[in-house]
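**Student:**
2 protein chains.
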Amino acid sequence: MENKMDFDVAIIGGGPAGLAAAVYAARGGMKTVIFEKALVGGQITTTADVENYPGFEDNMSGFDIADKMRMQAEKFGTEIKQENIKSIKLDHLNKLVETDSNKYNVKSVILATGANPRKLGVQGEAKYTGRGVSYCATCDGALYRDKTVAVVGGGDSAVEEAIFLTKFAKKVYIIHRRDELRAVKLIRQRAFENDKIEIIWDSIVKEVKGGDFIEKVELYNKKTKEISELELDGIFIYVGIIPNNELVKSVVDLDEQGFILTDETMGTKIPGLYAAGDVVHKVLRQVVTAASDGATAAFSAEKWTEENKDKF
Amino acid sequence: MENKMDFDVAIIGGGPAGLAAAVYAARGGMKTVIFEKALVGGQITTTADVENYPGFEDNMSGFDIADKMRMQAEKFGTEIKQENIKSIKLDHLNKLVETDSNKYNVKSVILATGANPRKLGVQGEAKYTGRGVSYCATCDGALYRDKTVAVVGGGDSAVEEAIFLTKFAKKVYIIHRRDELRAVKLIRQRAFENDKIEIIWDSIVKEVKGGDFIEKVELYNKKTKEISELELDGIFIYVGIIPNNELVKSVVDLDEQGFILTDETMGTKIPGLYAAGDVVHKVLRQVVTAASDGATAAFSAEKWTEENKDKF
Numbered sequence: 514m515e516n517k518m519d520f521d522v523a524i525i526g527g528g529p530a531g532l533a534a535a536v537y538a539a540r541g542g543m544k545t546v547i548f549e550k551a552l553v554g555g556q557i558t559t560t561a562d563v564e565n566y567p568g569f570e571d572n573m574s575g576f577d578i579a580d581k582m583r584m585q586a587e588k589f590g591t592e593i594k595q596e597n598i599k600s601i602k603l604d605h606l607n608k609l610v611e612t613d614s615n616k617y618n619v620k621s622v623i624l625a626t627g628a629n630p631r632k633l634g635v636q637g638e639a640k641y642t643g644r645g646v647s648y649c650a651t652c653d654g655a656l657y658r659d660k661t662v663a664v665v666g667g668g669d670s671a672v673e674e675a676i677f678l679t680k681f682a683k684k685v686y687i688i689h690r691r692d693e694l695r696a697v698k699l700i701r702q703r704a705f706e707n708d709k710i711e712i713i714w715d716s717i718v719k720e721v722k723g724g725d726f727i728e729k730v731e732l733y734n735k736k737t738k739e740i741s742e743l744e745l746d747g748i749f750i751y752v753g754i755i756p757n758n759e760l761v762k763s764v765v766d767l768d769e770q771g772f773i774l775t776d777e778t779m780g781t782k783i784p785g786l787y788a789a790g791d792v793v794h795k796v797l798r799q800v801v802t803a804a805s806d807g808a809t810a811a812f813s814a815e816k817w818t819e820e821n822k823d824k825f
Numbered sequence: 514m515e516n517k518m519d520f521d522v523a524i525i526g527g528g529p530a531g532l533a534a535a536v537y538a539a540r541g542g543m544k545t546v547i548f549e550k551a552l553v554g555g556q557i558t559t560t561a562d563v564e565n566y567p568g569f570e571d572n573m574s575g576f577d578i579a580d581k582m583r584m585q586a587e588k589f590g591t592e593i594k595q596e597n598i599k600s601i602k603l604d605h606l607n608k609l610v611e612t613d614s615n616k617y618n619v620k621s622v623i624l625a626t627g628a629n630p631r632k633l634g635v636q637g638e639a640k641y642t643g644r645g646v647s648y649c650a651t652c653d654g655a656l657y658r659d660k661t662v663a664v665v666g667g668g669d670s671a672v673e674e675a676i677f678l679t680k681f682a683k684k685v686y687i688i689h690r691r692d693e694l695r696a697v698k699l700i701r702q703r704a705f706e707n708d709k710i711e712i713i714w715d716s717i718v719k720e721v722k723g724g725d726f727i728e729k730v731e732l733y734n735k736k737t738k739e740i741s742e743l744e745l746d747g748i749f750i751y752v753g754i755i756p757n758n759e760l761v762k763s764v765v766d767l768d769e770q771g772f773i774l775t776d777e778t779m780g781t782k783i784p785g786l787y788a789a790g791d792v793v794h795k796v797l798r799q800v801v802t803a804a805s806d807g808a809t810a811a812f813s814a815e816k817w818t819e820e821n822k823d824k825f
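Sequences listed follow chains U and E, in order.
For what it's worth, this note's numbering labels the leading residue of the first sequence as 514, then goes sequentially.
For what it's worth, this note's numbering labels the leading residue of the second sequence as 514, then goes sequentially.
Here's what the structure looks like:
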């Protein structure tokens, strides 16, 4: 009683998680499609040098790493469709992916739609991204040895990353719009005790300025109404991260910030729906953790479709 | 009240999990050491072609992938010590790693000691490993398109992987020493229904034979006492996997098979002790999942040592 199925697995999102899922799914004998509305590669394509993806001991651009993963996925037969998904129907054995131009019946779905750091939305921010503006201290902190940097934000992540950055930078400002940090006491205390950290209270970044690279930011003090400039070699923006969960947020379990909760198979509570990469709840969002999620999700999707083979 | 600490983190094991942990730990500013008693690289070094590590679209040998990870870890300052660990003392803030020749005080430990597939222990098995004898269908199954292969074993993994192999191979034997499969009913049923699968009951492999590559195995039927030969292009051995948990098995939580149970930070119930790679409980044991574990463990160890900075 096999229905007409267009694909064994539809992977939504063509970043490292989706591409790694495709490598495993396609190589594992599944008819595999990736839907990516923009450029294949995801967020990582904007990173000039990726120093920490294990196995690339010569730095490689994020674009090149993603491109290699794309070639690898295609080598095993993955189709890549540049179509925007309008909706996914996730009935147990009749999943339907609807794009702006087509409909596809698929057996299983891997959601790898990623997440985006919340932007400040100020002038110069986009221009200097990758040239002094960063959203990831784990990725870029080591590039700022003996430099002066700032972190924008006051939550746990912002303050933890500021402390982390003191291992490299000679001076770390925390620019915070309020007069107290939201971070938990232990972390706050660490920041206060750290000689390299200076907190600039009640202030917001109005503009990022520089030449080819960032040189300074313009600050506005909300209490005194004063405008000032701060010279910097880099600025790390930690004002939140937004998971791209729109397609499934009403049907899966989410954590407080909206990241998808998965079990150890990368499965969700919907049978045959898996999630992988930055969109899922986890400790560390990096290319290697995304790729690992994708591989596990594909492995699990393959087992699930095989177990339910007769029912499609 | 800082004691003399030799390293911020000691990583036990130099396979992909340990090497990736070192890349993240050393790049994250930790004084990092890897202890590896044998060759750096671990199990993967015996794999001729790794097709599915995301980002290497041209096949690369396991040895070369591991070697690139080693160079990357060393680039960021990791020390690699070829010393055999005798014991680890895991007191909260006074961890002591004792090797055959030295003692080291360390703040945190990442256990990445791996696991080994249980061998049959028969003649020809070692000689043909990587030349027709495999312990991983996910890794090598795709290389056996339209070939004849066998799986040895009768548990869930053995039978699941036999079913998986029917996607590629034209014929899959299951060689099992008993007269019934241990695998759960659903999986057993799938195997019985699959036309490509033939089960050889009550039989054990006595020898693996061939030229440069495997050609056949000698079988012994325990009931009839008959000896026979079976022509094959490949054989997958699924008779168990043994986690290398000796150093910590009395102090951490283990699953039924002896794999270490970790939380999402890759932490164990001992503060400052993390585990990563094949030695931990998880769904899929691959280079990419090991590397991901290692990165997460290093990230978590860095946060933990920073939080406890004053106490060392």
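Every residue gets a Cβ at the ideal spot worked out from N, C-alpha and C, and that includes glycine.
Just so it is clear, the structure is predicted and the values come from calculations on it, not from any experiment.
1. When we look at the beta-carbon of A808(U) and count the other beta-carbons within 10 Å, is it buried (16 or more) or exposed?
2. Is it true that the CB of I623(U) sits closer than 9 Å to the CB of V610(U)?
3. Should V522(U) and S600(U) be called a contact, given that it needs their Cβ atoms to be closer than 9 Å?
4. Using 9 Å as the threshold, is the C-beta distance between G780(E) and L606(E) below it?
5. Can you tell me whether F705(U) is buried or exposed, with buried defined as 16 or more other CB within 10 angstroms of its CB?
6. In terms of alpha-carbon separation, which member of V793(U), G724(U), T559(U) and D715(U) lies closest to G531(U)?
7. Between the Cα of F677(U) and the Cα atoms of A551(E), R540(E) and K632(E), which residue gives the shortest distance?
8. Look up E611(U) in the DSSP assignment and say whether it is helix, strand or coil.
9. With a threshold of 16 other CB atoms inside 10 Å of the CB of K517(E), please say whether the residue is buried or exposed.
10. Between D806(U) and the rest of its own chain, which residues show a CB-CB distance below 7 Å, the 5 nearest in sequence each way excluded?
11. Hey, out of D725(U), Q702(U) and S741(U), whose CA is closest to I713(U)'s CA?
12. Please classify N828(E): is it buried, with 16 or more other beta-carbons within 10 angstroms of its beta-carbon, or exposed?
13. Taking Cβ-Cβ distances shorter than 7 Å, what residues in chain E pair up with M518(U)?
14. Is there at least one Cβ from chain U nearer than 9 Å to Q585(E)'s Cβ?
15. Am I right that A675(U) and V664(U) are in contact with their C-beta atoms under 8 Å? What's the rounded C-beta distance?
16. Determine which residues of the segment 563-575 of chain U have a Cβ less than 9 Å from any Cβ of chain E, and write them out in chain order.
17. Answer yes or no: does any C-beta atom of chain U fall closer than 9 Å to that of A639(E)?
18. Can you list the residues of chain E that R540(U) reaches, using a CB-CB cut of under 8 Å?
19. 9 Å is my cut-off, CB to CB: does I676(U) come that close to chain E?
20. Please list, in chain order, the chain U residues whose beta carbon lies closer than 9 Å to that of A861(E).
21. By how many angstroms is the C-alpha of F681(U) removed from the C-alpha of R658(U)?
22. State yes or no: is the C-beta of L767(E) nearer than 8 Å to some heavy atom of the ligand GDP?
23. Confirm, please, whether the CB-CB distance from K683(U) to T661(U) is below 9 Å.
24. Given this structure, state the Cα-to-Cα distance separating V563(E) from E769(U), to the nearest angstrom.
25. Might you give, ordered along the chain, the residues of its own chain that have their beta carbon closer than 6 Å to the beta carbon of E720(E), omitting 5 neighbours on each side?
26. Ends of the beta strand (DSSP E) at T661(U)?
27. Using only alpha-carbon positions, find the residue among Y641(U), S716(U) and D653(U) that is nearest to G830(U).
28. For a contact defined as C-beta to C-beta under 9 Å, what are the partners of Q595(U) on chain A?
29. Taking the C-alpha atoms as reference points, what is the distance between F548(U) and I783(U)?
30. Terminal residues of the continuous alpha helix (DSSP H) containing A789(E)?
31. Using CA atoms only, rank isn't needed, just tell me which of Q702(U), I748(U) and T679(U) is closest to D823(E).
32. Could you pull out every residue in the same chain whose Cβ sits closer than 7 Å to the Cβ of T612(E), ignoring the five residues on either side in sequence?
33. Between A771(U) and chain E, is the shortest Cβ-Cβ distance under 9 Å, so that the two count as touching?
34. T802(U) to G724(E), Cα distance in whole Å?
35. To the nearest angstrom, report how far apart F520(U) and F812(U) are at their CA atoms.
36. Which bits of chain E does E777(U) rub up against, with CB to CB less than 9 Å?
**Tutor:** Walking through what the data contain:
1. Flag for A808(U) reads buried.
2. For the 9 Å CB-CB criterion, V610(U) and I623(U) do not form a contact.
3. No, these two residues do not count as a Cβ contact at 9 Å.
4. Against a cut-off of 9 Å, the Cβ pair of L606(E) and G780(E) comes out as no contact.
5. An exposed status is given to F705(U), since fewer than 16 other beta-carbon atoms sit within 10 Å of its beta-carbon.
6. If we check each option's Cα against that of G531(U), V793(U) comes out closest.
7. Of the residues A551(E), R540(E) and K632(E), the one whose Cα lies closest to the Cα of F677(U) is R540(E).
8. E611(U): strand per DSSP, three-state reduction.
9. By the 10 Å Cβ count, K517(E) comes out exposed.
10. Sequence-distant partners of D806(U) (beyond 5 residues in either direction) whose C-beta falls short of 7 Å from its own C-beta, in its chain, are A530, M779, A789, G790 and V793.
11. Checking every option, the nearest Cα to that of I713(U) belongs to S741(U).
12. Nothing can be reported for residue 828(E), as the shown portion of chain E is limited to 514 through 825.
13. Within chain E, not a single residue places a beta-carbon under 7 Å from that of M518(U); the smallest gap is close to 16 Å.
14. Closer than 9 Å: yes.
15. Between A675(U) and V664(U), the beta carbon gap of about 4 Å places them in contact (Cβ cut-off 8 Å).
16. Answer set for the segment 563-575 of chain U: E564, N565, Y566, P567, G568, F569, E570, D571 and M573.
17. No, its Cβ sits nowhere closer than 9 Å to a Cβ of chain U.
18. Chain E residues near R540(U): E564, N565 and A655.
19. Look at I676(U): its C-beta is under 9 Å from a C-beta on chain E.
20. Nothing can be reported for residue 861(E), as the shown portion of chain E is limited to 514 through 825.
21. Their Cα atoms are separated by approximately 4 Å.
22. Ligands displayed in this structure: none; no statement on the ligand GDP is therefore possible.
23. If you check the CB distance, T661(U) and K683(U) come in under 9 Å.
24. Going by C-alpha positions, V563(E) is about 39 Å away from E769(U).
25. V635, Q636, G637 and E731, listed in sequence order.
26. From DSSP, the beta strand (DSSP E) with T661(U) extends over T661 to V665.
27. Residue 830(U) lies beyond the range of chain U shown here (514 to 825); nothing can be said about it.
28. No chain A is present in this structure, whose protein chains are U and E.
29. C-alpha of F548(U) to C-alpha of I783(U): approximately 20 Å in a straight line.
30. First-last for A789(E): undefined, no H or E at that position.
31. Here the closest residue by C-alpha is Q702(U).
32. Here the set comprises F548, E596, N597, I598 and K599.
33. The displayed chain sequence assigns Gly, not Ala, to residue 771(U). Judged by the 9 Å Cβ criterion, G771(U) is not in contact with chain E.
34. Whole-angstrom Cα-Cα distance: 41 Å.
35. In a straight line, the C-alpha of F520(U) is about 16 Å away from that of F812(U).
36. Residues of chain E with a Cβ closer than 9 Å to the Cβ of E777(U) are, in chain order, H794, K795 and V796.
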